[in-house]
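Have a look at the structure below, then the notes.
Number of protein chains: 2
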Amino acid sequence: MRHTIPPRSGAAFTLERGQRLTVIDPEGEQVADLLAFSRSDIDEVISSGRSLDYASRIFLTTGDALYSNRSNVMLRIVEDTVGRHDFLLTPCSADTFRILYDDAEPHRGCFGNLAHALAPYGIGPDRIPVAFNVFMNVAVDGDTGALAVRPPLSRAGDRIVFEAETDLIIGLTACSAPQSNNFAFKPIEYEISS
Amino acid sequence: MRHTIPPRSGAAFTLERGQRLTVIDPEGEQVADLLAFSRSDIDEVISSGRSLDYASRIFLTTGDALYSNRSNVMLRIVEDTVGRHDFLLTPCSADTFRILYDDAEPHRGCFGNLAHALAPYGIGPDRIPVAFNVFMNVAVDGDTGALAVRPPLSRAGDRIVFEAETDLIIGLTACSAPQSNNFAFKPIEYEISS
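First to last, the protein sequences are chains A and B. So that you can map any letter, position 79 of the first sequence is 79 in UniProt numbering, and since no number is skipped, the others follow by simple counting. So that you can map any letter, position 48 of the second sequence is 48 in UniProt numbering, and since no number is skipped, the others follow by simple counting.
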């Protein structure tokens with residue numbers, strides 16, 4: 001069964017150990033911020049710092065793991081038709097739009113959408129870390145350290161598949177930041193399979 | 001007054017708004033992991049994802065801010081004689097040494113040292129995020145995303161100075177990871193001034 005996350009919105013759901021989560025970009029150039037928390041203890045959450053350290057790489061793809069703050073593998077990437085995702089930046093928020101876009105009446109962004117979707121699981125906004133930003137294309141200049149948010153490399157139908165290595169609560173969005181999605185807001189689709 | 005953090009250990013202390021914290025590498029090539037929490041609410045903590053997004057750069061230096069997870073400026077870098085620090089990786093831990101160094105009886109690392117030092121302030125280990133790793137030299141290959149931990153660029157007497165923009169609890173270490181410190185463990189010194 002395929003689920004749709006409408007443009008600039010988010011969802012939360014559970015994923016059991018061994019299940020696979022497929023995240024699909026149905027129209028192309030659309031980012032999806034992904035969070036994962038342990039169902040047995042919501043204080044265990046994906047950690048960019050652990051995952052990048054253990055991979056010794058900032059661009060994760062097939063075979064790589066998303067580790068928790070307690071150094072356990074939460075999700076493993078088992079298929080990836082794009083190969084470029086971001087794990088450096090926090091979900092866009094009203095503050096992001098105020099600070100980076102000078103927006104006077106900012107959208108709540110992926111941060112607000114995730115906080116809203118995760119609230120029924122008892123997860124508060126302060127518990128939202130750096131997300132695994134599926135399809136987000138952030139270029140890094142190795143000399144200067146400059147970051148550049150570029151259009152996603154994903155085209156219509158591209159996908160990434162994660163396998164859960166423990167029981168999880170997942171937060172997932174159709175990203176709300178103009179620059180991250182080449183200035184067009186599209187839906188994200190996902191499927192859960194055994 | 002100058003304080004010394006012995007090799008492979010850590011400390012925690014408070015810093016008032018407007019005070020300056022100087023972190024000194026007395027012998028050279030020694031990393032210091034730094035954390036900052038709001039004294040008025042320990043759920044507010046430095047955020048690599050927010051700070052790097054707002055700077056649009058992974059290498060922060062003089063003039064740059066360390067933002068919190070709530071997008072408030074916690075610390076600002078006001079002087080920096082080195083110019084290369086890391087804000088991608090979590091503090092080294094027993095898990096780091098087990099996974100990356102295959103160490104059978106691992107040291108508790110900066111993570112364990114920070115957790116121990118911050119416990120009296122009511123801050124638990126799950127609240128430890130990506131640290132601002134003072135003097136840590138992590139090279140990023142912009143094409144492949146590969147990370148390489150290189151010897152720090154700091155020489156004896158080099159320093160970085162932060163100004164607090166709110167009342168803070170600081171965690172600070174003399175880093176315990178062999179590769180981060182060119183395989184020699186040295187002390188870190190710090191001073192607090194008005």
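Even for Gly, the Cβ is constructed at its ideal location relative to N, Cα and C. Predicted model, so just to flag it, every value in this text is computed and none were measured.
Which listed residue (I192/B, T14/B and L88/B) has its alpha carbon closest to that of G145/A: Nearest C-alpha to G145/A: L88/B.
Contained alpha helix (DSSP H) runs [length at least 4] in the segment 29-59 of chain B, N- to C-terminal order: As summarised for the segment 29-59 of chain B, the continuous alpha helix (DSSP H) elements at least 4 residues long and confined to that stretch are 48-55, given in chain order.
A174/A: contacting residues in chain B (beta-carbon distance under 8 Å): The CB of A174/A never comes closer than 8 Å to any CB in chain B; the least such distance is about 19 Å.
Local Cβ density within 10 Å of S51/A, reported as buried at 16 or more and exposed below that: S51/A comes out buried.
Chain A residues whose Cβ lies nearer than 7 Å to that of R50/B: Result: T90.
Local Cβ density within 10 Å of P129/A, reported as buried at 16 or more and exposed below that: Burial is judged here by how many other beta carbons sit within 10 angstroms of a residue's own beta carbon; P129/A has at least 16 and is buried.
Where T166/A meets chain B, residues with beta-carbon distance less than 8 Å: The premise fails here: T166/A is roughly 16 Å from chain B at the closest Cβ pair, so nothing lies under 8 Å.
Under 8 Å by beta carbon: chain A residues contacting S93/B: Residues of chain A passing the Cβ test: S71.
Spatial neighbours of A55/A in its chain, beta-carbon cut-off 7 Å, leaving aside the 5 residues before and after: If we look at A55/A and ignore the five residues flanking it on each side, its Cβ neighbours are D64.
Contacting residues, own chain, Cβ-Cβ under 8 Å from A156/B (five flanking each side not counted): Excluding sequence neighbours, A156/B sits near D25, P26, E27 and G28.
Interface flag, V138/B vs chain A, CB-CB below 7 Å: Answer no: the Cβ-Cβ gap between V138/B and chain A never drops below 7 Å.
Nearest to S93/B (by Cα), restricted to the options I46/A, R17/A and R70/A: The option with the nearest alpha carbon to S93/B is R70/A.
Backbone CA spacing between A119/B and A164/A [nearest angstrom]: Cα-Cα distance, rounded: 32 Å.
C-beta atoms of V82/B and S154/B nearer than 7 Å: Result yes, Cβ atoms of V82/B and S154/B sit closer than 7 Å.
Boundaries (first-last residue) of the alpha helix (DSSP H) holding A148/A: Counting along the chain, no alpha helix (DSSP H) covers A148/A; the unbroken beta strand (DSSP E) around it starts and ends at L147 to R150.
Cβ pair count under 8 Å reaching 3, the segment 176-194 of chain B against the segment 90-107 of chain B: Counting Cβ pairs under 8 Å, three or more are found: they touch.
Entirely enclosed alpha helix (DSSP H) segments - the segment 147-186 of chain B, minimum 4 residues: With a minimum length of 4 residues, no continuous alpha helix (DSSP H) run stays inside the segment 147-186 of chain B.
DSSP state of T61/A mapped onto helix, strand, coil: Of the three classes helix, strand and coil, the one that applies to T61/A here is coil, per DSSP.
Nearest-angstrom Cβ-Cβ length linking L147/A and I58/B, presumed shorter than 8 Å: Correct: roughly 6 Å between the Cβ atoms.
Collapsed DSSP secondary structure at R76/B in the structure displayed: For R76/B, the secondary structure class from DSSP, reduced to helix, strand or coil, is strand.
Straight-line gap, C110/A to Q30/A (C-alpha atoms, nearest Å): One C-alpha to the other measures close to 13 Å.
Per DSSP, cross-strand counterpart(s) of D143/B: D143/B is not bridged by DSSP to any residue.
F97/B versus N182/A: straight-line alpha-carbon distance, rounded: The alpha-carbon of F97/B is positioned some 41 Å away from that of N182/A.
Rounded C-alpha distance that separates D86/A from M1/B: Spanning the two alpha carbons is a distance of roughly 43 Å.
Cα-Cα separation between R17/B and D80/B, rounded to whole angstroms: If I take the Cα positions, the gap works out to 20 Å.
Among V73/A, L168/A and T22/A, nearest to S40/A - alpha-carbon criterion: The shortest Cα separation from S40/A among V73/A, L168/A and T22/A belongs to L168/A.
Proximity test, Cβ basis, 7 Å: F59/A and chain B: It does: the Cβ of F59/A has a partner Cβ on chain B nearer than 7 Å.
Chain-order list of residues whose beta-carbon lies under 8 Å from that of R76/B (same chain, five-residue window excluded): These residues qualify, in order along the chain: G63, D64, A65, L66, F162, E163 and E165.
Cα-Cα separation, A36/A to F132/A: Taking C-alpha positions only, A36/A is separated from F132/A by approximately 9 Å.
Minimum Cβ-Cβ distance from Y101/A to chain B less than 7 Å: No - not a single Cβ of chain B is within 7 Å of the one on Y101/A.
For A117/A and G10/A, believed in contact at Cβ under 8 Å, the rounded distance: With a Cβ gap of about 5 Å, G10/A and A117/A count as contacting.
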